[in-house]
Structures are given as structure tokens and as C-alpha cells.
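When the sequence shown is numbered by my numbering, its final residue is 560 and no position is left out of the sequence of numbers. Glycine is no exception: its CB is placed at the ideal position from the N, C-alpha and C atoms. In this text, all values refer to a predicted model and were calculated from it rather than measured experimentally. For reference, the structure discussed in these notes is given below.
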Amino acid sequence: MPTFTPGHYGVDGTDPVVGFIRDLNSDGKEDLVVFYDSTGGFQVFLGGATGVLTPTPLQFAPNSLSRGTPGDLNGDGKIDFAAAGVSNIRLFYGVGDGTFTAGPTLALPFLTGAAALRVVDLDHDGLPDVVAATTDFGSGTGQLLYYRQTSPGTFSMLPVATLTREPTAMEIGDLDGDGELDVATLSQLVSSESELTIFFGTGNGTFAAPVTVDFGAELFVFADSIVFHDFNSDNRPDIAVGLVNHGIQILRNDGNRTFSFAQLIPEPQGGSVRVADFNYDGIADLFASGYGGFYVVLANADGTFHTPQFTAIPELNSRRSPYALGDFRGLHRVDVATSWIFFPHPQMLEVDLNDCGPPPVITSVTPSSGPAGGGNSVQLHGDNFFVPQQVLFGTAQATITASTPTLVTVTAPPHAPAIVPVSISTPGGTATLNDAYAFVGPSSTSVVVESFIAKSRPFTISAVVNPSPGGGTVTFSIDGNAVGTASVVGNSATISTIAPATLGPHTIGAQFNGVVIFTPSNTSVVITVVADIPAFSRSALAMLAAFMAAFGAVALRPSGR
């Protein structure tokens, strides 16, 4: 289960509401946008590698903003957003450094306010549009509105449908797999009766007749959030609905635009439902707000869920607050942001940094060998190499020279000849690839053979390899012609062969063919083949050996014929 480390930040306005989290300045760390419902405007808190956020000056302070949704409205690759104002929708264009310029203002019908917003290209014309679920003040009803961007910066409002209840949340995605975006709204009656309405898109900004799912009436229970995700891996997006004071209701997508009630995940509050992979097992988990804190619900691949885990925020006491999820450090961890607006505590932001990160994975190391002296460049391939802290070759530490999430380049350290594992450590853990790299050292080969050999007689040749390689083979030759191969045992290899029939000098060669950790080496000596070898005394043999050594011959072993 993930744990979290809290941090707290003062605010420059009144009644802060966490808006959304995105990388606004393209530094790989996501940033937090906070709206001020009372004093107006918004403020950006820039993310950083340590998790400490940097507040920036208040922007557009006279404008009261209560919620917003990000998107690239003008197609320049920078994050823009649409925000709910007083009886209007304000658009803001990102500069790319965390600041914004004012865009168009979209008018809302008289006495209405935007309860939920999304930026999507609903009609596939390449221009992002704005979809709004609005509340009609005093009537208990609402509307689904589509603001089509007809040309850059120009929007035309098209009513989609009247909602018979006040909308509380909205989500957009392709629920029926036809390639067109569908819209789902949550609505609420004063009597706590919640309703889900799904509008299936046709691709041109219009929708088929809606499908309605009624959650029934239960006192003090209301739906406040909705997300789409394929929880049971059947390639059909399911729906999770946050039911405050009841839990998280999973609606299984049965295909053919039908949905059925599946698991109800009970927990005391159930609001602000989000989807994210908190424990980095490749399976999306659920998040929900609670009274005095929040819940993380880890998921299984089959669509079932673990018991919710609660993280307390003492300053909230028994209250609840809106939340946003993001990655403030660029570590691919799911962090949590919320706001306090409750007396007696000062109004502040809380950012809870996720202590659980994605563990690194090493898939290969290239090249797979190098000199024992080190100093060569080696690349580690894999994933989740976020902020690599240490790379070890065996127990020797390498020098990291460059890194991306999938590739780390290091300078290999010196190491005795050996085959070693390679490991990498990040804030998310340590990964090891066994037998991944060979440190290769030099070797030397010498030949041990009698100096005089009787023609056509059997004789023995040995080769000594230093240092002991622990394996490999030696190929022996006479006058360049291979006569046998033997494995190195310890540090020597030996064969028996037949001496040439031709009298006179002959060259004996030995080629060590190496193992992974030693370079090949070779040597040769000259022997003399004679017609026969009489029985010399040991003293005479020793004198002859000394004579031959003085003229560059090889070691001579005392031997008979």
C-alpha cells in the first residue's frame, strides 16, 4: 500500500479550490493550478524535483473562478484551460512558463452556472471544443451545452439537452467503442436521488437518445464524481461513480450501450473519485475523498478491489475537500493535492507526496563486456529509470553520464575479470540483471614440451594459461597444422600427439581460445625431431637442457624415451 508525506503551502487568495495538475512549463514536473472562489483569479504552484512547490503570482485576480479543465485550445502545444466564472466560461491560453493570457469568454444562458467542463474535439475538425454541464439557478434542472470552435478562438454555443435534475459531474469518452465521444452526466435531486445520463455521440456534435441509470433515493447520499476505465480488462470502459456517504459504485459495461450494477466499494465518504495506478503494478486503482482525509482502493486485474486504505489529514477534522492528482517531482508517482478552508486552521494547500514509486526494470546491457580497467561507455536499457541514484557493476559503482526514463548511460568502473550482475537504484527501488556484464582481462599462454622428440613417437604438449581463467580451450598445432584441442582445467591444458616423421626443427603452437572474461593469447616454441633418443643420464640431460635454454629453447623435462 502506498504511503504519503504531507507538505503545506500558504495561499494568496480566499477560498482556494484545487483545480487541475499539468506540466505547464514543460520541465517534466507537473504543476498545480488553484482557483480562488471568493477573491477571484488563480495561482500556479510549480512542481520541482524535491517535491517542494514554488508559488507564482496571482493571475487574473478580479475574476471569480470556481473550477476548470485543461486542454490545448489553440493548438500550440501548450496547456490552456477553460474555467467556470460567474454566469460565463472563461478561456485562458498558456504561454508555456506557467503564465496565461486571456482568451474568449463564453456566455452562459441567463441565471446558469457551469457545474462541470471538458475540453475535447467533439466533431473531429481538429479544433478543440468546450462541453459544459450547467445548473439553472433556482429551478433544480440543468443543461448540456456544446461550444463548437468554428475557427481559432471563435465558439458557437449549441444546446444538446435539458437535464431534468441539477448536474454535479460530467465525463467524456468512447463508451460503446464506435470511435465517437460520448458524454455522461451525474444529476441530483434535492431528495438525494441520483441519476446517470449517457449521451452517445454521433461524431458531428449531436447525440443519440440518452440512456439513464437511476441510483435510487437514499437520504444524505448523492453522486458527485464519475470516471471511465476498463476495470475488468474486457476492452469495454466501465464507469465508477462516487456516491457521497455511500461508497464507489462500479457500473459494468455489458456492451450494446447497456450497463449493470457491479461491485459497490463501501467507504465512509466516496466523493471525488479518480483513477490512477498508485502502486505501479500496471493496474489502475481508485481514489476517493473521505471525511478528514482520502482513500486509495487498490485494484486487481479481474475488476475486483482491495479494502480501501485511508490517509488522514488532521487539519480537515471530519470535513471533506476537493482533490487533484498529479506528479509534482517527475518521478511518475501519483501525488495528491487538496485545500483547507475550514476554521480555525488558516486557509492552505496540502500536497501529499506518494512514497511509493514505480520500480526500475533492466531489460538489457550494451555492450555486454568491456575491459577490466573500465572507462568505457555502457548503456542500460529498460523502464522507470526516474532519477537514477546509483548503478553498480557487481559491487563497483559506475559513473552515470546521462539518463532518460528508458535509457541510462554510464562509464564502467574498473573490476577484476569476472561476469557480474548490473543493478540500478532509483527512488522507486532497485533492479538487478544477473550475469549482465563481463569484465575482460588479458591472459598469457606458455608451452611445456620436451626439446627433443623421437620421430613418429607419441609425446605430450601442455599449455599453461595465466591467470587461471576457469575455463576455455587451447588449440595445439605443429608447423601451423592443428593437432588437437583440450579444455583448460585449473590453468593448464594437455594433449598427446604423434611427433612428425621429418627430422629437424618443428614449431609447436598453442592458442588459448579464451573465456568471456579473458582475451585470447598464443605462443609457440621450436622442438627438434631426431631419429631416436638414447638413454641419457639425468646429469647429461640437465646439461643439455641448460645448453638449449641458453639458445632460446623451451624448458626440458627430465624424461626417458
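Rounded Cβ spacing between residue i and residue j (contact assumed at less than 8 Å)
i, j, result
"GLY9", "MET347", "6 Å"
"VAL129", "PHE154", "7 Å"
"ARG21", "ILE78", "5 Å"
"PHE136", "GLY67", "Contact doesn't hold; Cβ gap of about 20 Å is too wide."
"GLY6", "VAL350", "5 Å"
"ALA114", "ALA101", "23 Å between Cβ atoms; not a contact."
"ASN383", "THR337", "Contact doesn't hold; Cβ gap of about 27 Å is too wide."
"GLY393", "PHE517", "Their Cβ separation, rounded to whole angstroms, is 17 Å, which puts GLY393 and PHE517 out of contact at 8 Å."
"PHE99", "GLN58", "6 Å"
"SER224", "GLY241", "4 Å"
"ALA160", "PRO103", "The Cβ separation is near 24 Å, so there is no contact."
"VAL409", "ILE399", "5 Å"
"PRO15", "ILE340", "7 Å"
"LEU185", "PRO166", "7 Å"
Residue from the options whose Cα sits closest to the Cα of residue i
i, options, result
"ILE452", "SER467, SER424 and ASP531", "ASP531"
"ASN24", "ALA115, GLY50 and LEU45", "LEU45"
"VAL464", "GLY513, HIS123 and THR496", "GLY513"
"LEU330", "ALA397, GLY479, PRO468 and GLY50", "GLY50"
"VAL85", "PRO103, ASP36 and LEU121", "ASP36"
"GLY95", "GLY27, THR111 and GLY112", "GLY27"
"THR527", "ASN521, SER520, VAL482 and ASP478", "ASP478"
"PHE80", "PRO69, ASN87 and ASN73", "PRO69"
"GLY269", "GLY503, GLY97 and ILE249", "ILE249"
"PHE438", "ASN62, VAL446, LEU90 and PRO413", "PRO413"
"ASN73", "SER138, PRO151, THR506 and PRO15", "PRO151"
"PRO420", "GLY470, SER363 and SER402", "SER363"
"SER476", "ALA415, ILE460 and SER467", "ILE460"
"ASN252", "ASP229, SER271 and VAL272", "ASP229"
"ALA370", "ALA183, TYR436, GLY289 and ARG328", "Sequence check: residue 370 is Pro here, not Ala. Out of ALA183, TYR436, GLY289 and ARG328, TYR436 has the C-alpha closest to the C-alpha of PRO370."
"THR55", "GLY200, TYR146, ASP30 and GLU266", "ASP30"
"PRO1", "GLY139, GLY125, CYS355 and ARG332", "CYS355"
"ILE507", "VAL529, PRO519, VAL515 and THR474", "THR474"
"THR140", "ILE361, PHE214, THR403 and GLY112", "GLY112"
DSSP bridge partner residues for residue i (one or two, in chain order)
i, result
"SER486", "THR472"
"SER338", "LEU348"
"LEU391", "GLN396 and SER422"
"LEU162", "GLY141"
"LEU242", "ALA222 and GLY246"
"TYR146", "VAL129 and MET156"
"VAL386", "None, per the DSSP bridge assignment."
"THR403", "THR403 is not bridged to any residue."
"ASP79", "GLY70"
"ILE361", "GLY381"
"ILE497", "PRO457"
Beta carbon of residue i nearer than 8 Å to that of residue j
i, j, result
"ARG235", "GLY254", "yes"
"PRO359", "GLY427", "yes"
"ALA168", "SER193", "no"
"ILE494", "ALA485", "yes"
"PHE198", "ASP181", "yes"
"LEU263", "VAL274", "no"
"PRO61", "GLY97", "no"
"LEU162", "GLN187", "no"
"ALA298", "ALA283", "yes"
"ASN490", "SER523", "no"
"VAL272", "VAL226", "yes"
"ALA500", "THR472", "no"
"TYR146", "LEU105", "yes"
"SER367", "LEU391", "no"
Local Cβ density within 10 Å of residue i, reported as buried at 16 or more and exposed below that
i, result
"PHE109", "exposed"
"ASN375", "exposed"
"ALA561", "In the structure as shown, the chain starts at 0 and stops at 560, and residue 561 therefore has no counterpart that could be examined."
"LEU107", "buried"
"ASN480", "exposed"
"GLN396", "exposed"
"VAL488", "exposed"
"GLN388", "exposed"
"LEU379", "buried"
"PHE219", "exposed"
"ASN433", "exposed"
"THR431", "exposed"
"HIS245", "buried"
"SER558", "Reliability of the predicted coordinates at SER558 is poor, the pLDDT of 34 falling under 50, and no value is obtained from them."
"PRO345", "exposed"
"TYR290", "buried"
"LEU52", "buried"
"GLY12", "buried"
"THR149", "exposed"
"GLY202", "exposed"
"GLY292", "buried"
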